[in-house]
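Colleague: Quick note on numbering that gives the first Met the number 0: the sequence shown kicks off at 0 and runs consecutively.
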Amino acid sequence: MKNTAQNWSDLKARVGAGAVMVAVGLVSIALGGHVFHLLVSLICAIMVWELVGMLRPGVKHEQLQLGALTGVAVFAAIYLPVIVALVLLLVPVLVGQSLLTNNRRIYAAFTLVILLTGYSLMQVRDDLGFGWMLWLVLVVVATDVAGYFAGRMIGGPKLWPAVSPKKTWSGTVAGWIGAAIVGLLFSINTGIWLQLVCVSIVLSMASQIGDIAESALKRKMGVKDSSSLIPGHGGLMDRFDGMLGAAVLLLVIGQLVGFPPGLN
Numbered sequence: 000m001k002n003t004a005q006n007w008s009d010l011k012a013r014v015g016a017g018a019v020m021v022a023v024g025l026v027s028i029a030l031g032g033h034v035f036h037l038l039v040s041l042i043c044a045i046m047v048w049e050l051v052g053m054l055r056p057g058v059k060h061e062q063l064q065l066g067a068l069t070g071v072a073v074f075a076a077i078y079l080p081v082i083v084a085l086v087l088l089l090v091p092v093l094v095g096q097s098l099l100t101n102n103r104r105i106y107a108a109f110t111l112v113i114l115l116t117g118y119s120l121m122q123v124r125d126d127l128g129f130g131w132m133l134w135l136v137l138v139v140v141a142t143d144v145a146g147y148f149a150g151r152m153i154g155g156p157k158l159w160p161a162v163s164p165k166k167t168w169s170g171t172v173a174g175w176i177g178a179a180i181v182g183l184l185f186s187i188n189t190g191i192w193l194q195l196v197c198v199s200i201v202l203s204m205a206s207q208i209g210d211i212a213e214s215a216l217k218r219k220m221g222v223k224d225s226s227s228l229i230p231g232h233g234g235l236m237d238r239f240d241g242m243l244g245a246a247v248l249l250l251v252i253g254q255l256v257g258f259p260p261g262l263n
């Protein structure tokens, strides 16, 4: 009974904070435009602020500087031609290389993914509209929620205990199933159900890779959460790590084969 209580001890805080994040996210997605761009830019700025805090604890000036630079770069990029935007997105990475004295490669890799995620999210909302943006968010949320409940209710073998001790194969597979259901629901009346279900599962896998990558980073840095900004959730990186993988992969898919599948 004690272990069961511990398994669900963070549920109340997670649900409360999660409800607030969902409400803010839905309103900003519905409004789109500058409002959505500002929110995405702020989220990216905070994630880089958290990243630098993990890599170099105590360097508050560098944290603020690189976080602010990231937010400005993401916000400006969506209003610029693609080539110029991509060059601009490299600026926070290059500046960080000059400011940080260690863990530069880790900073560069994670910051670049954060920047591309922000750009991808804004591009999806601007070019594809509310529906497809909502689909992407729900794929990542379904992956996380299904994995959370299945992992605690079913348990079983661990996925990668050396990196992420709490993640199980049951939670991983449940995440794929949750994403597939989202894809199936969004494919109704489109005639692309198989393609969209497959893309949803692939993005679910990418979401889980983002989650595992952040878990590996936290283990390397010896921290439990990226920060303590969100009750029951840790920091923004702890909540948006899945989106880092999914959004960047969707950006690649869109450039290589086009998206939505079969509707271009």
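By construction, the Cβ of each residue, glycine as well, lies at the ideal position given by its N, Cα and C atoms.
Ignore the nearest five residues each way along the sequence and tell me which others in residue 154's own chain have a CB closer than 8 Å to its CB.
Modeller: Same-chain partners within the cutoff: 167 and 169.
Colleague: Taking just the CA atoms, how far does residue 241 sit from residue 22?
Modeller: Those two C-alpha atoms are separated by around 19 Å.
Colleague: Check residue 164 in the structure and name its three-state DSSP category.
Modeller: Residue 164: strand per DSSP, three-state reduction.
Colleague: Can you tell me the Cα-Cα spacing of residue 26 and residue 143, whole angstroms?
Modeller: Near 21 Å, if we compare the C-alpha coordinates of residue 143 and residue 26.
Colleague: By how many angstroms is the C-alpha of residue 76 removed from the C-alpha of residue 248?
Modeller: One C-alpha to the other measures close to 19 Å.
Colleague: For residue 85, which of helix, strand or coil comes out of DSSP?
Modeller: DSSP places residue 85 in helix when its eight states are reduced to three.
Colleague: Just how far apart, CA to CA, sit residue 3 and residue 173?
Modeller: Confidence at residue 3 is low in this model, with a pLDDT of 49, below 50, so the placement of that residue should be treated as unreliable; the coordinate-derived value is given next. Answer to the nearest angstrom: the Cα atoms are 20 Å apart.
Colleague: DSSP three-state call for residue 31: helix, strand or coil?
Modeller: Residue 31 falls in the coil class under three-state DSSP.
Colleague: Return yes when the Cβ of residue 40 is within less than 7 Å of the Cβ of residue 86, no when it is not.
Modeller: No, Cβ-Cβ distance for residue 86 and residue 40 is not below 7 Å.
Colleague: Quick one: Cα of residue 137 to Cα of residue 255, how far?
Modeller: Taking the straight line from one Cα to the other gives about 23 Å.
Colleague: Can you give me the start and stop residues for the alpha helix (DSSP H) that residue 249 sits inside?
Modeller: Run containing residue 249: 235-255, per the alpha helix (DSSP H) assignment.
Colleague: Give the DSSP-derived three-state secondary structure of residue 158 in the structure shown.
Modeller: Here residue 158 sits in strand by DSSP.
Colleague: So, is residue 69 buried or exposed, given that buried needs 16 or more other C-beta atoms within 10 angstroms?
Modeller: When all chains shown are included, residue 69 counts as buried.
Colleague: For residue 1, which of helix, strand or coil comes out of DSSP?
Modeller: Here the model assigns residue 1 a pLDDT of 43, short of 50, so the residue's position is not dependable, and the following value carries that caveat. Residue state, collapsed to three classes: helix.
Colleague: Quick check for students: name the residue ranges of the beta strand (DSSP E) that lie wholly in the region 87-121, counting only runs of 3 or more.
Modeller: Complete beta strand (DSSP E) runs here, min 3: none at all.
Colleague: Kindly indicate the opening and closing residues of the alpha helix (DSSP H) around residue 222.
Modeller: Premise fails: residue 222 is in no alpha helix (DSSP H) and is neither H nor E.
Colleague: Taking 7 Å as the threshold (C-beta atoms), are residue 117 and residue 141 in contact?
Modeller: Taking 7 Å as the Cβ cut-off, residue 141 and residue 117 do not qualify as a contacting pair.
Colleague: Would you say residue 66 lies against chain B (beta-carbon separation less than 7 Å)?
Modeller: Absence of chain B from the displayed structure is noted, only one protein chain being present.
Colleague: Alpha helix (DSSP H) containing residue 130: first to last residue?
Modeller: Counting along the chain, the alpha helix (DSSP H) containing residue 130 begins and ends at 129-152.
Colleague: Should the region 115-134 be called in touch with the region 151-165, which here means at least 3 C-beta pairs below 8 Å?
Modeller: The region 115-134, when compared against the region 151-165, does not touch it at the 8 Å Cβ threshold.
Colleague: Does DSSP classify residue 229 as helix, strand or coil?
Modeller: In this structure, residue 229 counts as strand in the three-state DSSP scheme.
Colleague: Could you have a look at residue 171 and say whether DSSP puts it in helix, strand or coil?
Modeller: If DSSP states are grouped into helix, strand and coil, residue 171 belongs with the helices.
Colleague: For the region 44-61 and the region 214-233, state whether three or more C-beta atom pairs, one from each stretch, are separated by less than 8 Å.
Modeller: The region 44-61 is in contact with the region 214-233.
Colleague: With a CB to CB cut of under 6 Å and the five nearest residues on each side skipped, what residues in its chain are close to residue 215?
Modeller: Excluding sequence neighbours, residue 215 sits near 162.
Colleague: Where do the ends of the alpha helix (DSSP H) carrying residue 79 lie?
Modeller: Residue 79 -> no alpha helix (DSSP H), and no H or E assigned at all.
Colleague: Tell me, to the nearest whole angstrom, how far the beta carbon of residue 209 is from that of residue 243; I am working on the premise that it is less than 8 Å.
Modeller: The Cβ separation is near 4 Å, so the contact holds.
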